[in-house]
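Asker: Residue numbers (the UniProt record's numbering): 1 to 140. Below are the structure tokens for one structure; questions will follow.
Here it is in structure tokens:
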């Protein structure tokens, strides 16, 4: 009877530790998710700012080209078309780099987020695995 009492006491001790273990695991996961979510808004903000700047630059180039073209049009239509073509080429040359930069920023943010999560999950699982087998042994 004393041996069974000791086993019950050991099981109760192990079960008493489980809430703290689960709480710690959840805190680690919550911190990892918070870190991931904290990185994404800045990456999105940076990407949007780069795209906005590229579009504003493109619009300014086009506006300048149109103004120039309208002033020259009565004298030389071919010159106006060449200026517009150059402006469009300049605009199209700026946009791919801005998109690539934005994609790189987003990819880096996602990589950072994904790099944090496996370690957090691994740590949480290790803590749970350490607590659960010990409790399971004493139940037998």
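From the three backbone atoms N, C-alpha and C, an ideal C-beta is built for every residue, glycine too.
Would you verify that the beta carbon of residue 89 is, or is not, closer than 7 Å to some beta carbon of chain D?
Answerer: Of the chains in the structure shown, none is chain D; there is only one protein chain.
Asker: Can you look up residue 42 in the DSSP assignment and give me helix, strand or coil?
Answerer: Stepping through the chain shown from its first residue, residue 42 is reached at position 42. DSSP places residue 42 in helix when its eight states are reduced to three.
Asker: Since residue 32 and residue 116 are thought to touch, with beta carbons under 8 Å apart, how far apart are those beta carbons, to the nearest angstrom?
Answerer: Position 32 of the chain shown holds residue 32. Position 116 of the chain shown holds residue 116. With a Cβ gap of about 5 Å, residue 32 and residue 116 count as contacting.
Asker: Could you check the C-alpha separation between residue 128 and residue 21 for me, to the nearest Å?
Answerer: Position 128 of the chain shown, counted from the start, is the residue given in the question as residue 128. Position 21 of the chain shown, counted from the start, is the residue given in the question as residue 21. Straight-line Cα distance between these residues: approximately 7 Å.
Asker: Residue 16 to residue 53, Cα distance in whole Å?
Answerer: Within the chain shown, the letter at position 16 stands for residue 16. Within the chain shown, the letter at position 53 stands for residue 53. Each residue's Cα considered, the two are about 57 Å apart.
Asker: Could you say if the region 55-68 and the region 101-117 meet the contact criterion of at least three C-beta pairs nearer than 8 Å?
Answerer: no
Asker: What's the C-alpha gap between residue 36 and residue 112?
Answerer: Position 36 of the chain shown holds residue 36. Position 112 of the chain shown holds residue 112. Answer to the nearest angstrom: the Cα atoms are 7 Å apart.
Asker: Classify residue 49: buried if its beta carbon has 16 or more other beta carbons within 10 angstroms, exposed otherwise.
Answerer: Position 49 of the chain shown holds residue 49. With fewer than 16 other Cβ atoms within 10 Å, it is exposed.
Asker: Who are the near neighbours of residue 24 in its chain, counting only those whose CB is closer than 7 Å to its CB and skipping five residues on each side?
Answerer: By one-based count along the chain shown, residue 24 stands at place 24. Result list for residue 24: 127, in chain order.
Asker: Can you tell me whether DSSP reads residue 96 as helix, strand or coil?
Answerer: For this step, residue 96 is matched to residue 96 along the chain shown. Helix.
Asker: Let me check you understand the geometry: is the CB of residue 25 closer than 6 Å to at least one non-hydrogen atom of the ligand GTP?
Answerer: What this structure holds is no ligand at all, so the ligand GTP is not there to describe.
Asker: Less than 7 Å between the beta carbons of residue 120 and residue 28, yes or no?
Answerer: In the chain shown, counting from the first residue as 1, residue 120 sits at position 120. In the chain shown, counting from the first residue as 1, residue 28 sits at position 28. In contact: residue 120 and residue 28 (Cβ atoms closer than 7 Å).
Asker: What does the alpha-carbon distance come out to for the pair residue 30 and residue 123?
Answerer: Locating residue 30 in the chain shown gives position 30, counting from the first residue. Locating residue 123 in the chain shown gives position 123, counting from the first residue. So the alpha carbons of these two residues sit roughly 12 Å apart.
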